[in-house]
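Below you'll find the structure, written out as structure tokens, and then a few comments.
Protein chains: 2
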Amino acid sequence: MPKPVPTQKLIDGLLKGDRLALARAISRVEDDAEEAARLVQAVFAHTGKAHLIGITGAPGTGKSTLVSALVESFRARGLSVGVLAVDPTSPFSGGALLGDRVRMTGHSGDAGVFIRSMATRSGAGGLARASADAMLLLDAAGFERILVETVGAGQAEVEIASVADTVVVVEAPGLGDEVQAIKAGLLEIADIFAVNKADRKGAARTVAALEMMLETGSAAAQTILHHGQQMEAGAAASEAEAAGGWAVPVLQTVAVSGGGVGELRDALEGHRAWLGGSGALAAREKKRLDHMLQTLVQAELLARMERALSPDLRRDLVERMQRREIDPYSAVSRIMEGN
Amino acid sequence: MPKPVPTQKLIDGLLKGDRLALARAISRVEDDAEEAARLVQAVFAHTGKAHLIGITGAPGTGKSTLVSALVESFRARGLSVGVLAVDPTSPFSGGALLGDRVRMTGHSGDAGVFIRSMATRSGAGGLARASADAMLLLDAAGFERILVETVGAGQAEVEIASVADTVVVVEAPGLGDEVQAIKAGLLEIADIFAVNKADRKGAARTVAALEMMLETGSAAAQTILHHGQQMEAGAAASEAEAAGGWAVPVLQTVAVSGGGVGELRDALEGHRAWLGGSGALAAREKKRLDHMLQTLVQAELLARMERALSPDLRRDLVERMQRREIDPYSAVSRIMEGN
Numbered sequence: 010m011p012k013p014v015p016t017q018k019l020i021d022g023l024l025k026g027d028r029l030a031l032a033r034a035i036s037r038v039e040d041d042a043e044e045a046a047r048l049v050q051a052v053f054a055h056t057g058k059a060h061l062i063g064i065t066g067a068p069g070t071g072k073s074t075l076v077s078a079l080v081e082s083f084r085a086r087g088l089s090v091g092v093l094a095v096d097p098t099s100p101f102s103g104g105a106l107l108g109d110r111v112r113m114t115g116h117s118g119d120a121g122v123f124i125r126s127m128a129t130r131s132g133a134g135g136l137a138r139a140s141a142d143a144m145l146l147l148d149a150a151g152f153e154r155i156l157v158e159t160v161g162a163g164q165a166e167v168e169i170a171s172v173a174d175t176v177v178v179v180e181a182p183g184l185g186d187e188v189q190a191i192k193a194g195l196l197e198i199a200d201i202f203a204v205n206k207a208d209r210k211g212a213a214r215t216v217a218a219l220e221m222m223l224e225t226g227s228a229a230a231q232t233i234l235h236h237g238q239q240m241e242a243g244a245a246a247s248e249a250e251a252a253g254g255w256a257v258p259v260l261q262t263v264a265v266s267g268g269g270v271g272e273l274r275d276a277l278e279g280h281r282a283w284l285g286g287s288g289a290l291a292a293r294e295k296k297r298l299d300h301m302l303q304t305l306v307q308a309e310l311l312a313r314m315e316r317a318l319s320p321d322l323r324r325d326l327v328e329r330m331q332r333r334e335i336d337p338y339s340a341v342s343r344i345m346e347g348n
Numbered sequence: 010m011p012k013p014v015p016t017q018k019l020i021d022g023l024l025k026g027d028r029l030a031l032a033r034a035i036s037r038v039e040d041d042a043e044e045a046a047r048l049v050q051a052v053f054a055h056t057g058k059a060h061l062i063g064i065t066g067a068p069g070t071g072k073s074t075l076v077s078a079l080v081e082s083f084r085a086r087g088l089s090v091g092v093l094a095v096d097p098t099s100p101f102s103g104g105a106l107l108g109d110r111v112r113m114t115g116h117s118g119d120a121g122v123f124i125r126s127m128a129t130r131s132g133a134g135g136l137a138r139a140s141a142d143a144m145l146l147l148d149a150a151g152f153e154r155i156l157v158e159t160v161g162a163g164q165a166e167v168e169i170a171s172v173a174d175t176v177v178v179v180e181a182p183g184l185g186d187e188v189q190a191i192k193a194g195l196l197e198i199a200d201i202f203a204v205n206k207a208d209r210k211g212a213a214r215t216v217a218a219l220e221m222m223l224e225t226g227s228a229a230a231q232t233i234l235h236h237g238q239q240m241e242a243g244a245a246a247s248e249a250e251a252a253g254g255w256a257v258p259v260l261q262t263v264a265v266s267g268g269g270v271g272e273l274r275d276a277l278e279g280h281r282a283w284l285g286g287s288g289a290l291a292a293r294e295k296k297r298l299d300h301m302l303q304t305l306v307q308a309e310l311l312a313r314m315e316r317a318l319s320p321d322l323r324r325d326l327v328e329r330m331q332r333r334e335i336d337p338y339s340a341v342s343r344i345m346e347g348n
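Line order of the protein sequences matches chains A and B. Each number in the working numbering comes from the position in the first sequence (counting from 1) with 9 added on. Each number in the working numbering comes from the position in the second sequence (counting from 1) with 9 added on.
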């Protein structure tokens, strides 16, 4: 086997924007928490420049196609883009899927685009840590826009709000009676809604329902969808804007043809400008770093527990508890002694 | 305010079976993890005698009424019974609900019965710890049968398998097309099925579906329910019995009239005898104590994290991270230094 590339060489390479060094560094971050610590420690001072964009939504909304169209749109403006596709539901898929994805999206020959799939290698906690680390590496490598797409459903989708500056929630008409975002608790985290597949029947209803929900802040607007009735909306958005807040826009896109994607890109740039001007950017970064700190402390405590509670000690203590020679709380004290 | 009763007095009282001392000790176990440790340390040597029975099932199956009928049935045999009703979904309800419950069940004048509601006071983790501790206190106080009823749905219902010797899963006909236990993942943890409200339409189908599922170990038997077809079942149960294992019985009860409740009590006594004879009792206790040990270690680590990560230190570190003066991994090392 060839010798592994020294960590310092990877660090030097990725800070110069070397794609191979970056790819290898991300692999190490996935494989090994200690190596992740070394890499992040070395590059952290070079982070904080990229616009971190989270893209989420239910399966079937066409998220991946929209991400690909967005990449093209950013490239047309000369901006470099890193993409992380995070899938907490599927086991680690290696490089094959990634290769397919790159070919499929047609960005394979472009040095200003870096696309990477991240999947479960060591549990959901490990994936969250590795994804956050990979974002820092892309940022340090100089990518100006970083798109993080979560595949699958549930907690991971809501978690995206903890790692991004701007969250896009993708909807699509015809996925059933309900707006998917409500079910998933995504209404609260959206900075921008994109109703994709907007050329399909029911798109206007989905848009109206979302606008109504943003206005009322409740799920009462579900009635729109159920009764096919269209109501005036958008008033609340204007009010929020007038008050200096961010009015969450509901945009329509047709990712396969690129329709509306320029407007989505402009909305993203607009949100970034608003974040910077309002002080919200620093506030979100602070929240993000705080979240990262907590996550890492928890991971460290878990690792310590695994070290402290060796299988032998555990078996011995349980047997003594069963003989009533020691009580559970004293057993815990015994475990904690060396820690 | 009156002085609190000294812990030692509570311990002496509950070991003699004093109900007031027991009630106060359970309250302390709910309120205060350190006090819980002192109480459990003192009484643990006196535990391990009671039969710990978990009773779970979907809302609407009549669990509470069945528990009350079971209490009566055990009392008719001269056995003392402690009941814990654990509700992870509702906030702490104090003594009022408890009082109602005792009156409602008609056991209020009986010294051989102790009924207690446990509800969320300090998060789901705290409730699990407090409930496990309360079971130990009831055991040490001399109650011969301890019924733990989980109210609500989800993780807590499956968790009951970690704290009981015997698990009863309660079903009822007419709660929809599907047998609720499959959805909730309860099939695997049931030692006994009780199809309650067995005088209602559809009870025979529910029984047949459960027996079929036990036989095939899969959800394929859902077809019975959907097609109204009744198939031969019970063959697998006899086979398991012949092989020396436990054949999970599917019993029918009508808790409101007491119908079938004697048979359920006999099945519980039968399972206890089987556990003792087969060595499964010791194996389950070992698993339970191991689970308790892990839970307590995790709680201790969490408490340490909260101590280690003071609001001031956390704010300071996040601000320094934001200024890129320190990286996240080095911040974690800083937090862990004193621990």
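For glycine and all other residues, C-beta sits at the position ideal for the given N, C-alpha and C.
- Short of 8 Å from the beta carbon of Trp283(A), and not among the five residues preceding or following it, lie these beta carbons of its own chain, in chain order: Trp255 and Ala289.
- Put simply, of Ala276(B), Asp40(B), Ile335(B) and Glu294(B) the residue whose alpha carbon is nearest the alpha carbon of Met127(B) is Asp40(B).
- Between the stretch 62-73 of chain B and the stretch 194-208 of chain B, the count of Cβ pairs shorter than 8 Å is three or higher; the stretches touch.
- For the C-beta of Ser82(A), not a single chain B residue is nearer than 8 Å; the gap to the nearest is close to 30 Å.
- Note on geometry: alpha-carbon atoms of Ile155(B) and Ile124(B) lie some 10 Å from one another.
- Selection Ile344(A), Ser266(A), Leu19(A) and Glu168(A) evaluated against Ile62(A) yields Glu168(A) as nearest (Cα-Cα).
- Distance from Phe152(B) to Val76(B) at the Cβ level is roughly 14 Å; contact not present, criterion being Cβ atoms closer than 8 Å.
- For Ala282(A), the enclosing alpha helix (DSSP H) has its first and last residue at Val270 to Ser287.
- As a beta-bridge residue in DSSP terms, Ser126(B) pairs with Ala94(B).
- Leu196(A): not part of any alpha helix (DSSP H); DSSP gives it neither H nor E.
- For Ala213(B), the number of other beta carbons within 10 angstroms of its own is below 16, and it is reported as exposed.
- Around Ala276(B), the same chain offers Ile201, Pro258 and Leu260 as residues with beta carbons nearer than 8 Å, after the five sequence neighbours per side are excluded.
- Inter-segment contact for the stretch 263-279 of chain B and the stretch 308-317 of chain A is absent: fewer than three beta-carbon pairs are separated by less than 8 Å.
- The beta carbon of Ala340(B) sits closer than 9 Å to some beta carbon of chain A.
- DSSP places Ala308(B) within a helical segment (H, G or I) once states are collapsed to three.
- Per DSSP, the beta bridge partners of Glu180(A) are Val204(A).
- Annotated as proximal: Leu298(A) and Pro337(B), with beta-carbon spacing under 9 Å.
- Excluding residues up to 5 positions away in sequence, His300 lie with their Cβ nearer than 6 Å to the Cβ of Ser171(A) in the same chain.
- If you draw a straight line from the Cα of Ala120(A) to the Cα of Asp27(A), it is about 10 Å long.
- Thr262(A) counts as buried, since at least 16 other C-beta atoms from the protein chains shown sit within 10 angstroms of its C-beta.
- When only Cα atoms are considered, Arg86(B) and Ala291(B) end up about 25 Å apart.
- With respect to Thr175(B), Arg281(B) sits close: the two C-beta atoms are nearer than 9 Å.
- When the beta-carbon positions are compared, Ser82(A) and Gly267(A) come within less than 9 Å of each other.
- For the pair Glu44(A) and Val52(A), the CB atoms are not nearer than the 9 Å cut-off.
- Counting along the chain, the unbroken beta strand (DSSP E) around Arg154(B) starts and ends at Arg154 to Thr159.
- For the stretch 294-311 of chain A, the residues whose beta carbon sits under 8 Å from a beta carbon of chain B are, in order, Glu294, Lys295, Leu298, Asp299, Met301, Leu302, Gln303, Leu305, Val306, Gln307, Glu309, Leu310 and Leu311.
- In the structure shown, the three-state DSSP call for Val265(B) is coil.
- Assignment of Leu61(B) by DSSP, reduced to helix, strand and coil, places it in the strand class.
- Burial is judged here by how many other beta carbons sit within 10 angstroms of a residue's own beta carbon; Ala54(A) has fewer than 16 and is exposed.
- Under the DSSP assignment, Phe83(B) falls in the alpha helix (DSSP H) whose first and last residues are Lys72 to Ala85.
- Residues of chain A with a Cβ closer than 7 Å to the Cβ of Met144(B) do not exist; the shortest Cβ-Cβ separation is about 12 Å.
- By the rule that beta-carbons nearer than 9 Å mark a contact, Gln331(B) touches chain A.
- Under the Cβ distance rule, Gln261(B) does not count among the residues neighbouring chain A, no pair being separated by less than 9 Å.
- Contact between Leu302(A) and Val341(B) holds, with the beta-carbon distance rounding to 7 Å and staying under 8 Å.
- Neighbours of Pro337(B) in chain A, taken as residues at a C-beta separation under 8 Å, are given in chain order as Val49, Phe53, Leu298, Met301, Leu302 and Leu305.
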